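Chemist: One structure coming up, written as structure tokens, with questions to follow.
2 protein chains.
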Amino acid sequence: MNFSVSEENYIKSIYHLQQQTDLVTTNSLANELQTRPASVTDMLKKLQVKKILEYEKYKGFRLNASGKKVALSIVRRHRLWEYFLVTKLGFEWDKVHAIAEELEHVSSPELIRKLDDFLNHPTADPHGDPIPDMHGKIAVIKQLSIADVPENKNVVVSSVSNQSPDMLELLKHYHIGIGTGLKVTTRFSFDGSVEIKVSKYAPCIISELVAKNIFVYHD
Amino acid sequence: MNFSVSEENYIKSIYHLQQQTDLVTTNSLANELQTRPASVTDMLKKLQVKKILEYEKYKGFRLNASGKKVALSIVRRHRLWEYFLVTKLGFEWDKVHAIAEELEHVSSPELIRKLDDFLNHPTADPHGDPIPDMHGKIAVIKQLSIADVPENKNVVVSSVSNQSPDMLELLKHYHIGIGTGLKVTTRFSFDGSVEIKVSKYAPCIISELVAKNIFVYHD
DNA sequence: ATTATTTTTTAGGTTTGTCTAAATTTTAAT
DNA sequence: ATTAAAATTTAGACAAACCTAAAAAATAAT
Ligand SMILES: [Mn+2]
Ligand SMILES: [Mn+2]
Ligand SMILES: [Mn+2]
Ligand SMILES: [Mn+2]
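Have a look at this one:
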């Protein structure tokens, strides 16, 4: 089946929202897409007709199996393009999301196959998020935010959930990127701030807000 | 100013048509875009309001200076992407047009600047057509079709105007590509066919139709 | 258990880009 | 110079995707 740019954006947003809460609500989706609840309801009816989601009036909705498959293929395109933009074109990773938001809608399967080959089948995008494979299979990475990780345990940064320029600026300052090794040395209960030791650098303190946005691998 | 995908497609098509005939007609544009004359008239009014073209009812229309600039930036994006698809992703050049037709509308100047850097500032696309530079400057390549080139003169293939898979198949058979050196040895007036000698290969005969679609540099 | 608040849906409109059919203008043919 | 044909424009409609305002349903508060 074929989907419009708008439909694809809705499908992808529903997918992301239902990672957190199984059943998605009209308001949360409207908020995510920066649109009006009435518009969401309109689109839901369309997607229901296309048999992409389960929808019970006033209750909520979720993608069904084929909806998830569509979503994962959009996510795949998005993350492959992000990877391309950073590793090949030299973009910083706070600039790639908006562009990938457009590129993800270019609808040639052959293009994505060849792009994936060209990039040597990357498994994670520049923000550390896993790239679904051709068949829609996505690695489930067990993660924990720095705010929750045990003290004095060596961990590796897996992803960063806030991808704003301001966040990137701060991370550069702390010498933190995807793959960086670090360890939490002290936790301060007054403001939730955390002292960390990043590879060979002197220990430093990060705010609770920053700590909550940095995720590390967890077994 | 900002243009929709549809507007961009119209602008680019007008640009291409007015390379041949200064004043473009409604029917020819409708034919080019596979749409209806009435739709063309509608769009012309919109583009006129946006001060992109000169338009006299029932007479015809042409892009003005700023319209041409917009067109050239779309052509630039299209051809850079085609170059990328062939040289980096390994597409054959009969497959890239449709994909570039979508990619050209991704609207990030920074993306195109970086793509151009990444590709090392190519000056021609895979079909031999010149790529306009950042400022909209496009090389005017003097060309002559093989059907018109003088006999026994060594020439170099500059571009191929028919980009169908069938044409590509034939050209591969003849060992002809962009940059190939060849020379017309005999011209047969019965059917307009032409005997050519391609680099080190034995002479061969190409039909008038093929000859008319292959262009060579001309001083 | 009512009442108030919030969430969601419906009703009715707007914009963009398309279409068909009819009217108008231009061009070609007699 | 008329008439016929072709090209172009106008008129009116339609689908997609959005909106606001009002109605309906679900939740929360008294
Ligand atoms: Mn998008
Ligand atoms: Mn990402
Ligand atoms: Mn296009
Ligand atoms: Mn080309």
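The listed protein sequences correspond, in order, to chains U and D.
Numbering of the first sequence is given in this note's numbering, commencing with residue 31 and proceeding in unit increments.
Numbering of the second sequence is given in this note's numbering, commencing with residue 31 and proceeding in unit increments.
Beta carbons are placed, not taken as given, at the ideal position from N, Cα and C, and that holds for glycine.
The model shown is predicted, which means the values in this text are computed figures rather than measured ones.
Looking only at C-alpha atoms, which of D:146, D:65, D:177, D:159 sits nearest to residue 118 (chain D)?
Modeler: On the second sequence, residue 118 (chain D) is found 88 positions in, with the first residue counted as 1. Nearest C-alpha to residue 118 (chain D): D:146.
Chemist: Return yes when the Cβ of residue 233 (chain D) is within less than 9 Å of the Cβ of residue 242 (chain D), no when it is not.
Modeler: Position 212 of the second sequence, counted from the first residue, corresponds to residue 242 (chain D). Position 203 of the second sequence, counted from the first residue, corresponds to residue 233 (chain D). Contact: no.
Chemist: Using a Cβ-based criterion (distance less than 8 Å to any ligand heavy atom), does residue 130 (chain U) qualify as near ligand 2?
Modeler: Here residue 130 (chain U) refers to the residue found at position 100 of the first sequence. Checking the Cβ of residue 130 (chain U) against ligand 2 gives yes.
Chemist: Going by DSSP in three states, residue 247 (chain U) sits in which element: helix, strand or coil?
Modeler: One-based indexing of the first sequence puts residue 247 (chain U) at position 217. The answer is strand: DSSP assigns residue 247 (chain U) an E or B state.
Chemist: Measure the C-alpha to C-alpha separation of residue 15 (chain D) and residue 135 (chain U) and round it to an integer number of angstroms.
Modeler: This structure cannot speak to residue 15 (chain D), because chain D is shown only from 31 to 249.
Chemist: Can you find the residues in the same chain that come closer than 8 Å, C-beta to C-beta, to residue 205 (chain U), ignoring five residues on each side of it along the sequence?
Modeler: If you number the first sequence from 1, residue 205 (chain U) lands on position 175. Within the same chain, residue 205 (chain U) has close Cβ partners 228, 229, 231.
Chemist: Put residue 168 (chain U) into one of helix, strand or coil per three-state DSSP.
Modeler: Position 138 of the first sequence, counting from 1, holds the residue named residue 168 (chain U). Coil.
Chemist: Taking 9 Å as the CB-CB limit, is residue 118 (chain U) close to chain D?
Modeler: Sequence index remark: in the first sequence, residue 118 (chain U) carries index 88 (1-based). Chain D, which has a Cβ nearer than 9 Å to the Cβ of residue 118 (chain U), makes this yes.
Chemist: Give the residues of chain D in contact with residue 144 (chain U), contact being defined as C-beta atoms less than 7 Å apart.
Modeler: In the first sequence, the residue the question calls residue 144 (chain U) occupies position 114. What residue 144 (chain U) touches in chain D: 119, 120, 121.
Chemist: Using a Cβ-Cβ distance under 9 Å, would residue 33 (chain D) count as near chain U?
Modeler: Taking the second sequence and counting its residues from 1, the one referred to as residue 33 (chain D) is at position 3. Judged by the 9 Å Cβ criterion, residue 33 (chain D) is not in contact with chain U.
Chemist: The alpha helix (DSSP H) that contains residue 103 (chain D), what's its start and end?
Modeler: For this step, residue 103 (chain D) is matched to residue 73 along the second sequence. Residues 95 to 117.
Chemist: Output the boundary residues of the alpha helix (DSSP H) element that contains residue 126 (chain D).
Modeler: To locate residue 126 (chain D), count along the second sequence from 1; it is residue 96. Counting along the chain, the alpha helix (DSSP H) containing residue 126 (chain D) begins and ends at 126 to 133.
Chemist: By the 10 Å Cβ neighbour count, where 16 or more other Cβ atoms means buried, how is residue 209 (chain U) classified, buried or exposed?
Modeler: On the first sequence, position 179 is the one that residue 209 (chain U) refers to. So residue 209 (chain U) counts as exposed.
Chemist: Less than 7 Å between C-beta atoms, sequence neighbours within five positions excluded: which residues of the same chain meet that for residue 111 (chain U)?
Modeler: Mapped onto the first sequence, residue 111 (chain U) falls at position 81. Spatial neighbours of residue 111 (chain U) in its own chain (CB-CB distance under 7 Å, excluding positions within 5 residues in sequence) are listed in chain order as 130, 133, 134.
Chemist: Would DSSP call residue 89 (chain U) helix, strand or coil?
Modeler: For this step, residue 89 (chain U) is matched to residue 59 along the first sequence. If DSSP states are grouped into helix, strand and coil, residue 89 (chain U) belongs with coil.
Chemist: Assuming residue 107 (chain U) contacts residue 82 (chain U) under a Cβ cut-off of 8 Å, what Cβ separation, rounded to an integer in Å, is found between them?
Modeler: Sequence index remark: in the first sequence, residue 107 (chain U) carries index 77 (1-based). Sequence index remark: in the first sequence, residue 82 (chain U) carries index 52 (1-based). About 17 Å separates the two Cβ atoms, so there is no contact after all.
Chemist: When you compare the CB positions of residue 245 (chain D) and residue 193 (chain D), do they come within less than 9 Å of one another, or not?
Modeler: To locate residue 245 (chain D), count along the second sequence from 1; it is residue 215. To locate residue 193 (chain D), count along the second sequence from 1; it is residue 163. The answer is no: Cβ separation not under 9 Å.
Chemist: Kindly indicate which residue of D:72, D:96, D:220, D:157 has the alpha-carbon position closest to the one of residue 127 (chain D).
Modeler: Counting from one through the second sequence, the residue named residue 127 (chain D) turns up at place 97. Out of D:72, D:96, D:220, D:157, D:157 has the C-alpha closest to the C-alpha of residue 127 (chain D).
Chemist: I want to verify the contact list: residues of chain D whose CB lies under 9 Å from the CB of residue 181 (chain U), in sequence order.
Modeler: Taking the first sequence and counting its residues from 1, one reaches residue 181 (chain U) at position 151. In chain order: nothing, as chain D lies at least about 42 Å away.
Chemist: So does the segment 167 to 186 of chain D actually touch the segment 56 to 65 of chain D, counting three or more Cβ pairs closer than 8 Å?
Modeler: no
Chemist: Name the residues in the segment 194 to 207 of chain U whose C-beta lies less than 7 Å from a C-beta of chain D; which are they?
Modeler: none
Chemist: On the DSSP bridge list, what partners appear for residue 160 (chain D)?
Modeler: Taking the second sequence and counting its residues from 1, one reaches residue 160 (chain D) at position 130. Residue 160 (chain D) is bridged to D:154.
Chemist: Please classify residue 95 (chain U): is it buried, with 16 or more other beta-carbons within 10 angstroms of its beta-carbon, or exposed?
Modeler: Translated into positions along the first sequence, residue 95 (chain U) becomes position 65. Counting Cβ neighbours within 10 Å, residue 95 (chain U) comes out exposed, since fewer than 16 surround it.
Chemist: What are the boundary residues of the alpha helix (DSSP H) that includes residue 81 (chain D)?
Modeler: Here residue 81 (chain D) refers to the residue found at position 51 when the second sequence is read from its first residue. Element bounds for residue 81 (chain D): n/a, residue is neither H nor E.
Chemist: Using beta carbons (cut-off 9 Å, strictly below), is residue 125 (chain U) in contact with chain D?
Modeler: Here residue 125 (chain U) refers to the residue found at position 95 when the first sequence is read from its first residue. Closer than 9 Å: yes.
Chemist: Using a Cβ-Cβ cutoff of 9 Å, what residues of the segment 102 to 114 of chain D are near chain U? List them in chain order.
Modeler: Of all residues in the segment 102 to 114 of chain D, none comes within less than 9 Å of chain U when Cβ atoms are compared.
Chemist: Tell me, to the nearest whole angstrom, how far the beta carbon of residue 199 (chain D) is from that of residue 215 (chain D); I am working on the premise that it is less than 8 Å.
Modeler: Reading the second sequence from its first residue, position 169 is the one you call residue 199 (chain D). Reading the second sequence from its first residue, position 185 is the one you call residue 215 (chain D). The Cβ separation is near 23 Å, so there is no contact.
Chemist: What span of residues does the alpha helix (DSSP H) with residue 143 (chain U) cover, start to end?
Modeler: Indexing the first sequence from 1 puts residue 143 (chain U) at position 113. Start and end: 139 to 148.
Chemist: Within the continuous beta strand (DSSP E) that includes residue 192 (chain U), where are the two ends?
Modeler: As a first step, residue 192 (chain U) is located in the first sequence; it is residue number 162 there, counting from the start. From DSSP, residue 192 (chain U) is part of no beta strand (DSSP E); its letter is neither H nor E.
Chemist: Counting only the same chain and skipping the five closest in sequence on each side, list residues whose C-beta sits under 7 Å from that of residue 97 (chain D).
Modeler: Within the second sequence, numbered from 1, the residue matching residue 97 (chain D) stands at position 67. So the list reads 41, 82, 83, once near-sequence residues are dropped.
Chemist: How is residue 183 (chain D) classed by DSSP in three states: helix, strand or coil?
Modeler: In the second sequence, counting from the first residue as 1, residue 183 (chain D) sits at position 153. In the structure shown, residue 183 (chain D) sits in coil (DSSP, three-state: anything other than H, G, I, E or B).
Chemist: Helix, strand or coil for residue 174 (chain D) per DSSP?
Modeler: Stepping through the second sequence from its first residue, residue 174 (chain D) is reached at position 144. Under the three-state reduction of DSSP, residue 174 (chain D) is assigned to strand.
Chemist: Tell me which residue opens and which closes the beta strand (DSSP E) that residue 59 (chain D) is part of.
Modeler: As a position in the second sequence, residue 59 (chain D) is number 29, starting the count at 1. Counting along the chain, residue 59 (chain D) falls outside any beta strand (DSSP E), though it belongs to the alpha helix (DSSP H) covering 56 to 63.
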